[in-house]
Structures are given as C-alpha cells and as structure tokens.
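In the working numbering, the protein residues as written are -8 to 135.
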C-alpha cells in the first residue's frame, strides 16, 4: 500500500516539476520576445553603426568576469570569421545605464544581433557561445 502511494506521490511531484519547468521556459521565451519588440524602432546607441551592415550590440561592465574571459573572446573570434560582414558595438552598461535601460538589459553580458535594417532579431542574456552567435548571424542572413 505505501509503495503505491509513494509512486503516485512521486509521479504527482514529477508532473508538477515538469509543469513549473515548462512554465519557466515559456516565460523566458516571452520575455525575450518582449525585449526584442520593445527594442524595435529604437536606435539609441546605434548612431555610429554603419548603414546596411548587421551588427552585434554587446553590453558589458568593467567588473564582469564572464564578459572578459568568455564573451569578449567569442565576439573577437566572431569578428575575425565574419570580417566586415558584421559590425560590433560594445557598450559599458555601468557607464551608460540609460542605454542599458533603453534596451532592456537586466544583466551582463547581454548581446543583441540586429539585422541590416536595424531590427533586433536575437537577444542573449548571459554568455553566448561562438557557435550560438554564428547560428544567429546565419539566421540574420536568411531573413534578408
């Protein structure tokens, strides 16, 4: 009898855990879409961007260890691979909190991939690997 109750209890808890995880993933996706929609039509921080060239807008701070050790090297390698096909703009979120707020940046590193028409297409909260950034850049090229 107790074995059956324990199995039922375990399955119930497992289903609740899966529901909570699914809900969290769904909320994360909604948040990303909201940030991208909010950023559309906004050009603050893009004044120095070359027209007609996709760009990576990279928010960092001087004290961000993952920014220095992981994200910046990945972005450097991305730039080496893509050359003049991608422009990178780095923003110090501590020095420019107005820009960070304007773009909805809540943590660093945060990267936005913006197409040649200046529409934000991808946002990454936290470290984005070189492979992920390359995939997102390739998605940009397919969209245009």
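Cβ coordinates follow ideal geometry from the N, Cα and C atoms, glycine included.
Assuming residue i and residue j make a contact with CB atoms under 8 Å, what is their CB distance in whole Å?
{"i": "residue 131", "j": "residue 45", "result": "5 Å"}
{"i": "residue 128", "j": "residue 77", "result": "6 Å"}
{"i": "residue 103", "j": "residue 118", "result": "About 14 Å; that fails the 8 Å criterion."}
{"i": "residue -1", "j": "residue 55", "result": "Their Cβ separation, rounded to whole angstroms, is 47 Å, which puts residue -1 and residue 55 out of contact at 8 Å."}
{"i": "residue 52", "j": "residue 83", "result": "6 Å"}
{"i": "residue 50", "j": "residue 91", "result": "6 Å"}
Run the CB neighbour count on residue i, radius 10 Å, all protein chains shown included, and call it buried at 16 or more, exposed below.
{"i": "residue 101", "result": "buried"}
{"i": "residue 10", "result": "exposed"}
{"i": "residue 48", "result": "buried"}
{"i": "residue 62", "result": "buried"}
{"i": "residue 111", "result": "buried"}
{"i": "residue 95", "result": "buried"}
Would you give the residue range spanned by the beta strand (DSSP E) that residue i belongs to?
{"i": "residue 81", "result": "78 to 83"}
{"i": "residue 48", "result": "46 to 51"}
{"i": "residue 112", "result": "111 to 116"}
{"i": "residue 104", "result": "101 to 105"}
Less than 7 Å between the CB of residue i and some heavy atom of the ligand FMN, yes or no?
{"i": "residue 123", "result": "This structure lacks the ligand FMN, and indeed carries no ligand of any kind."}
I'd like the span of the alpha helix (DSSP H) that includes residue i, first residue to last.
{"i": "residue 131", "result": "121 to 134"}
{"i": "residue 69", "result": "63 to 73"}
{"i": "residue 90", "result": "88 to 93"}
Counting only C-beta atoms, is residue i closer than 8 Å to chain C at any point?
{"i": "residue 53", "result": "Of the chains in the structure shown, none is chain C; there is only one protein chain."}
Contact between the region 5 to 12 and the region 61 to 73: three or more CB pairs below 8 Å?
no
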